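Participant: Take the sequence shown: its letters are residues 4 to 547, numbered as in the working numbering.
What follows is a single structure, and I will ask about it in a moment.
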Amino acid sequence: MKKSKWKFLSTLLLSVILLAACSYGGESTTTSGEKENGSSSASGPKKGGKVSIPIVADPTFNPWHPNAYAESNVINRVLFSGLTQPGKDLAPSPDLATKWEASEDGLEWTFYLRDDVLWHDGEKFTAEDVAYTFNEIVLNKELGANNASYFQKVKEVQVVDDFTVKFMMESPVAALPAYLSFNTEIVPKHIFEGNDPWELTSFNKKTPVGTGSFKLKSYTSGQSVVLERNEDFYGETALLDEVEYKVLADANTHVAQILSGELSIFALDDLAALDRIEKAKGVTVEGRETTRFFWLIVNQQIEKYQDVRVRQALLHAIDRQNIIDTVLKGYGTIADAGIAPALKEYYTDDVTRYEYDPERAKELLAEAGWEDTDGDGIVDKDGEPFKIDFEIGIQGDLEAVSQMVQQYLVKVGLDVKLNAMEWNAMVQDVVVNRDYEMSLNWWRYPADPDLSAYMHSNSIKGMNIPAYQNPELDKLLDAGAQASDVEDRKGIYTDAQKLMADELPYMFLWYPQEAQVRVDKLKGVPELAFGDALHYIHEWYIEE
């Protein structure tokens, strides 16, 4: 890791943060309904101007839509609002909800809502919108809403009055306020009611209506999305006039346009151009901690991948440190489980490690019955060669990383065919249809160690894309989700990480550190990862 490139979050006192955020019966640490103020220059923030942000594909203007992923999240966080949002200390902070509290047994969470919020079309936001979003979309298992896996323990959301709702739980979930801050924005009942939420093209692909600090001005498919200031925003009115999202699939174009001043800010996914950006005038690269892990997955509904020795062999075959040093330019550390070092209260490295060891990989494959019996360089079993279809989406450095992974796997006797496809096509194949054999990508998750959404057997139709099932891990994840005490949770998640490392529901690759690129004249951006900083875009301003 290049610590010299890092500007770590100044607090990271997650023991205190998570104790406050996750204790049952406790209110939020911040009760003010107003959003926090950002930094400004000595002369004060400037009003006017616009920022331009790249996205790799056309978005879906619906945070719950099964096709709404990275390219959509960065827009939906600005158009829409959630009950909570990531605070500048990473703890859940008020947004549409001013405060919240849990019952002593953790089975009821009460959220008190703002009474001064308007949808972009002028309609009043109420508790009915919250109840509709969850009861009719999120909790409707037939729909398979994106991120619904976070809310499997929610039975229903009850309207108490116009500005109070109760989340009724099947069992306690300590991380609920954190989950509600992460890609879980509220949508308008008065528009969606009576419609299929995935087929409402007039909203999802044309004219979204949110409550955020910016609203849609124009959308040209394949080119751009332009948002304009929402003068009726319930928080501090935005300083910028406009936010433009430019549809640019090629990462090289992102670099060229930030250097020419045509783009303003983004997280650099392809670090090949890092040196060129760092040498440029008027542009800054900042390191940011993230709760993310990159993974290689195999479809564990396919019999050969159900043998843990095969998964362990795949990981031993890959020189992860070389990929970090070359492609990632040092912006990452090897991952052994899913809980990132950013959650330092819960992270442990006292787990099984998989060093780069091609010979050990071959030994494990042989133990699983895969050997090269005919001398063609490809291991086989019962006359069948070990062939792998490897599907990835084109974004950032994913293709370059995947090409290296392919080469490493070929060296241990696997026949790997790499298929790099357009991002939305990959989402459809791998995430929605689960029609894949192997893929490589990442998860970013709320600032809480509960990874049930990604690894619990109950989430196989959700974000558990590998279809991993393990009753022992389920039990640990359930216990961690229900525990309210930080020390209790720490012990549970230490055991969970050890099991993750042994069994490899995912083949964990690395914990990336974000290289955030922005032009120097853009001010007011809090010291957060790019995705989290978007919640404070109303504080951003241009200083000429």
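Every residue gets a Cβ at the ideal spot worked out from N, C-alpha and C, and that includes glycine.
Please read all numbers here as calculations on a predicted model, not as lab measurements.
Evaluate Arg173 with the Cβ neighbour count: other Cβ atoms within 10 Å of its Cβ, from every protein chain shown; 16 or more gives buried, anything less gives exposed.
Facilitator: Sequence check: residue 173 is Glu here, not Arg. Only exposed fits Glu173, as fewer than 16 other CB atoms lie within 10 angstroms of its CB.
Participant: Measuring straight from C-alpha to C-alpha, what distance separates Ala338 and Leu512?
Facilitator: 5 angstroms
Participant: Around the Cβ of Glu358, are there at least 16 other Cβ atoms within 10 angstroms (buried) or fewer (exposed)?
Facilitator: exposed
Participant: Counting C-beta neighbours from all protein chains within 10 Å, is the total for Val435 16 or more, i.e. buried, or is it exposed?
Facilitator: exposed
Participant: For Asp98, I'd like the list of residues in its chain whose CB is within less than 7 angstroms of its CB, leaving aside the five on either flank, ordered along the chain.
Facilitator: Ser84, Gly85, Leu86, Thr87 and Gln88, listed in sequence order.
Participant: If you measure between the beta carbons of Ala423 and Ile395, is that distance less than 8 angstroms?
Facilitator: yes
Participant: So the beta strand (DSSP E) Phe533 belongs to, where does it begin and stop?
Facilitator: Element bounds for Phe533: not the beta strand (DSSP E) but the alpha helix (DSSP H), Phe533 to Ala536.
Participant: Which term fits Ser224, buried or exposed, when burial requires 16 or more other beta carbons within 10 angstroms of its beta carbon?
Facilitator: exposed
Participant: Do Tyr544 and Lys50 count as a contact pair if the criterion is CB distance below 8 angstroms?
Facilitator: yes
Participant: Rank Phe166, Ile140, Asp165 and Asp164 by C-alpha distance to the C-alpha of Val157 and give the top, closest one.
Facilitator: Ile140
Participant: Run the CB neighbour count on Pro474, radius 10 Å, all protein chains shown included, and call it buried at 16 or more, exposed below.
Facilitator: Looking at its Cβ environment, which holds fewer than 16 other Cβ atoms inside 10 Å, Pro474 is exposed.
Participant: Could you tell me if Glu348 is buried or exposed, where buried requires 16 or more neighbouring beta carbons within 10 angstroms of its beta carbon?
Facilitator: buried
Participant: Tell me whether the beta-carbon of Pro48 lies closer than 8 angstroms to the beta-carbon of Leu242.
Facilitator: yes
Participant: May I have the straight-line CA-CA distance separating Val258 from Ser184, to the nearest angstrom?
Facilitator: 30 angstroms
Participant: What does DSSP give as the partner residue(s) for Pro344 in the beta ladder?
Facilitator: Answer by DSSP bridge pairing: none, since Pro344 is not bridged.
Participant: Quick check: Tyr514 and Pro344, are their CB atoms within less than 8 angstroms of each other?
Facilitator: yes
Participant: Less than 8 angstroms between the C-beta atoms of Val382 and Leu368, yes or no?
Facilitator: yes
Participant: Does the distance from the CB of Leu525 to the CB of Ala450 come in under 8 angstroms?
Facilitator: no
Participant: Cβ atoms of Lys249 and Glu231: under 8 angstroms apart, would you say?
Facilitator: no
Participant: Please identify the residue among Arg363, Asp385 and Asp379 whose C-alpha is closest to the C-alpha of Trp373.
Facilitator: When Arg363, Asp385 and Asp379 are compared, the shortest CA-CA separation from Trp373 is found for Asp385.
Participant: Indicate whether Gly527 and Glu506 have their beta-carbon atoms separated by less than 8 angstroms.
Facilitator: Cβ distance not < 8 angstroms, so Gly527 and Glu506 don't count as in contact.
Participant: Where does Phe170 fall in DSSP's three states?
Facilitator: Three-state DSSP puts Phe170 in a strand.
Participant: Do you know how far the Cα of Asp244 is from the Cα of Leu266?
Facilitator: 16 angstroms
Participant: Name the DSSP beta bridge partners of Ala486, please?
Facilitator: BP columns for Ala486 are empty, so no partner.
Participant: Roughly how many whole angstroms lie between the Cα atoms of Ser13 and Glu306?
Facilitator: Confidence is the limiting factor: at Ser13 the pLDDT is only 31, short of 50, which leaves the residue's position unreliable, though a coordinate-based value still follows. Between Ser13 and Glu306, the alpha-carbon positions lie close to 47 angstroms from each other.
Participant: Since Tyr115 and Ala100 should fall inside the 8 angstroms C-beta cutoff, what is the C-beta to C-beta distance between them, to a whole number of angstroms?
Facilitator: 6 angstroms
Participant: Quick check on the DSSP output: the alpha helix (DSSP H) that includes Ser75 runs from which residue to which?
Facilitator: Ala73 to Leu82
Participant: To the nearest angstrom, report how far apart Phe393 and Pro69 are at their CA atoms.
Facilitator: 22 angstroms
Participant: Counting pairs of beta carbons, one from the region 482–496 and one from the region 310–330, are three or more of them closer than 8 angstroms?
Facilitator: no
Participant: For Arg312, does the three-state DSSP call read helix, strand or coil?
Facilitator: helix
Participant: Pair every Cβ in the region 266–276 with every Cβ in the region 405–416, then say whether three or more of these pairs are closer than 8 angstroms.
Facilitator: no
Participant: When the Cα of Pro57 is compared with those of Leu531, Arg521, Leu146 and Asp535, which residue comes out closest?
Facilitator: Arg521
Participant: Under the rule that 16 or more other beta-carbon atoms within 10 Å means buried, what is Lys127, buried or exposed?
Facilitator: exposed
Participant: Helix, strand or coil, according to DSSP, for Ile189 in the structure here?
Facilitator: coil
Participant: May I ask which residues mark the beginning and end of the beta strand (DSSP E) holding Val288?
Facilitator: It spans Val286 to Arg291 - the beta strand (DSSP E) in which Val288 sits, taken as one unbroken run.
Participant: Is it true that the CB of Glu425 sits closer than 8 angstroms to the CB of Ile397?
Facilitator: In contact: Ile397 and Glu425 (Cβ atoms closer than 8 angstroms).
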